[in-house]
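Undergrad: First residue of the sequence shown: 0, per numbering that gives the first Met the number 0; consecutive thereafter. The beta-carbon is built from N, C-alpha and C at its ideal position, and this holds for glycine as well. Right, I'll just put the structure down here and ask away after.
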Amino acid sequence: MPTQLVILAAGEGTRMLSDRPKVLHEIAGLPLYAHAIAAGAALDPERIVLVLGHGAEAVRADAEARFGDVAIAIQSEQLGTAHATAQARAALEGATGDAVVLYGDTPFIRPETLVAMKAARAAGHDLVVLGFEARDPGRYGRLVLAGASLEKIVEFKDATPEERAIGLCNSGVMMAGVSTLFDLVDAVGNDNAAGEYYLTDIVAIARARGLSATAVTCPEAETMGINTRAELAEAERIFQDTARAAALADGVTLVAPDTVHFAHDTWIGRDAVVEPFVVFGPGVTVETGATIRAFSHLEGCHVSAGAVVGPYARLRPGAEIGNDARIGNFVEVKNAEIGEGAKVNHLSYVGDASVGEAANIGAGTITCNYDGVFKHRTTIGARAFIGSDTMLVAPVSVGAGAMTASGSVITEDVPDGALAVGRGRQATKPGFATRFFEKLRAQKAAQKAAQESTGQE
Ligand code: UD1
Ligand code: MG
């Protein structure tokens, strides 16, 4: 049975005190709403509908860039969660199977939990709600059960003291057949303490119609919603702790786990070593046995087996580091392939380039890739030796086994095996420095004597 995903994300998020829509704030380099979509991906959804209101255009732009195929429904007035759900109707026209409603500000729902809800649907329940036992039930909606049957959800504001004593709370995640969901939502009114259309009301409506409803439960940690910067920071901490533990469990050495920062999609192979204070941005894969040394920053790059990166290295998007290559301190690599066993050990910028296997790039080398308008490529052949402080003015190539002299500005292609020298020729003047300084010191002594004789008069 196909699954359709509806993500509610129209709320303002006032307590973030932000010009940015709440669901665009990130955990581990991924916006909150995208975490919800990632959880829903476990059900292989046919359609994904994002219900947006505040900051809709910014979220739409992000979603289109990131996922391409996401439908946007606009809720221009935030009249409640049932009203928000109803906005997804047009985007789900003709869709069959189940609809799952998730919140865009609740990033930690695990795929397994959604699979368990799907199983409850398959077992014949018309409506499945995700609940959790809250340590402090506070203002959450309460699930009212009769045996295994879910009878209704009462919002805190509308609950009696007995209902408020219930510890089983509503996470907000619900699943029902697509047409059932919209039929139920249609029947929701707003005669309640908040004057809102509550999605939670569909449970009592379903029961009154003789439909069955049940609750699946999950650990409270999964249901954490983000409303403030402090909660965002706490969620980041939880994500990082989980990612570190997972890396250690997978056979990665983290010398000081608490200091390593992962992105949502960081992949590190077994027996890789990550030294303290390393930051992984999105899109990084590190193969078996590679070493990422302290204080390095990596994003959108691939590090092959046996390579050593850092300390203090920066790998930017498109950096492809070959097997056993070395990227040393204060080296930046962007959109460049570094061949097997090649070395870029000190203080260099290698961008829009390819470096052949076993090439050696001397300290202070720069690929001058940008002319102010266009970017150009530099190609360095296998086993080439680039002298320290070489400026490679792209587009330019240095052939296999070729050399450049230190301090050269290379503007023309260098053939295989050649030496290119592109700098002023050295002139040496014997004794010049000695004579020069003697002259200056004599001048200074004369000035001093003149001042003293003036002072005596
Ligand atoms: C909701 C539930 C409550 C549950 C709690 C869990 C209802 C009536 N109450 O309450 O039972 O315990 O979540 O966190 O559903 N949204 C819209 N449009 C709207 C209103 C909300 O898109 O008109 C979105 C928000 O952006 C947010 C989500 O729906 O992502 C939940 O809204 P929120 O206002 O936080 O609901 P709660 O009052 O917390
Ligand atoms: Mg809420």
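With a CB to CB cut of under 7 angstroms and the five nearest residues on each side skipped, what residues in its chain are close to residue 305?
TA: The answer, listed in chain order, is 288, 289, 322 and 323.
Undergrad: Considering only DSSP beta bridges, list what residue 520 is partnered with.
TA: Residue 520 lies beyond the range of the chain shown here (0 to 456); nothing can be said about it.
Undergrad: What are the start and end residues of the alpha helix (DSSP H) that includes residue 163?
TA: Element bounds for residue 163: 160-163.
Undergrad: For the segment 250-321, list the beta strand (DSSP E) runs that are entirely contained and at least 3 residues long, ordered along the chain.
TA: Taking only runs of at least 3 residues, the beta strand (DSSP E) segments lying wholly in the segment 250-321 are 318-320.
Undergrad: How many Å lie between residue 389 and residue 244 at the Cα?
TA: Answer to the nearest angstrom: the Cα atoms are 43 angstroms apart.
Undergrad: Relative to ligand 2, is the shortest distance from any of its heavy atoms to the C-beta of residue 224 smaller than 7 angstroms?
TA: Flag set: Cβ of residue 224 near ligand 2.
Undergrad: If you drop the 5 nearest sequence neighbours on each side, which residues of the same chain put their C-beta closer than 7 angstroms to that of residue 205?
TA: 125, 126, 183 and 212, listed in sequence order.
Undergrad: Can you find a heavy atom of ligand 1 that lies under 7 angstroms from the Cβ of residue 169?
TA: Yes, the Cβ of residue 169 comes within 7 angstroms of a heavy atom of ligand 1.
Undergrad: What's the call for residue 347, buried or exposed, on a 16-neighbour Cβ count within 10 Å?
TA: With 16 or more Cβ atoms within 10 Å of its Cβ, residue 347 is classed as buried.
Undergrad: Which class does residue 97 belong to by DSSP, given the choice of helix, strand or coil?
TA: Residue 97 falls in the strand class under three-state DSSP.
Undergrad: Decide if residue 209 is buried, meaning its Cβ has at least 16 other Cβ atoms within 10 Å, or exposed.
TA: Residue 209 should be labelled exposed.
Undergrad: Any heavy atom of ligand 1 within a distance shorter than 7 angstroms of the CB on residue 108?
TA: It does not: the Cβ of residue 108 is nowhere closer than 7 angstroms to a heavy atom of ligand 1.
Undergrad: Does at least one heavy atom of ligand 3 sit under 7 angstroms from the Cβ of residue 135?
TA: As for ligand 3, it is missing from this structure, which binds only ligand 1 and ligand 2.
Undergrad: Under three-state DSSP, which class holds residue 167?
TA: Residue state, collapsed to three classes: strand.
Undergrad: Quick one: any contact between the segment 97-107 and the segment 157-172, if contact means 3 or more CB pairs under 8 angstroms?
TA: The segment 97-107 vs the segment 157-172: in contact.
Undergrad: Would you tell me roughly how many angstroms separate the C-alpha atoms of residue 352 and residue 76, rounded to the nearest one?
TA: Between residue 352 and residue 76, the C-alpha separation is close to 51 angstroms.
Undergrad: Using the Cα positions of residue 141 and residue 350, report the straight-line distance between them to the nearest angstrom.
TA: Each residue's Cα considered, the two are about 56 angstroms apart.
Undergrad: Give the DSSP-derived three-state secondary structure of residue 138 in the structure shown.
TA: In this structure, residue 138 counts as coil in the three-state DSSP scheme.
Undergrad: At a cut-off of 7 angstroms, would you count residue 104 as near ligand 1, judging by its Cβ distance to the nearest heavy atom?
TA: Indeed, a heavy atom of ligand 1 lies less than 7 angstroms from the Cβ.
Undergrad: Around the C-beta of residue 369, are 16 or more other C-beta atoms found within 10 angstroms, so that it is buried, or is it exposed?
TA: Exposed.
Undergrad: The beta strand (DSSP E) with residue 223 in it runs from where to where?
TA: No beta strand (DSSP E) holds residue 223; DSSP gives it neither H nor E.
Undergrad: Helix or strand or just coil, what does DSSP make of residue 326?
TA: Reduced to three states, the DSSP call for residue 326 is strand.
Undergrad: Does residue 436 pass the burial test, meaning 16 or more other C-beta atoms within 10 Å, or should it be called exposed?
TA: Burial call: exposed.
Undergrad: Can you tell me whether residue 117 is helix, strand or coil according to DSSP?
TA: The answer is helix: DSSP assigns residue 117 an H, G or I state.
Undergrad: For residue 294, which option in 254, 67 and 9 has the closest C-alpha, if you only look at C-alpha atoms?
TA: Checking every option, the nearest Cα to that of residue 294 belongs to 254.
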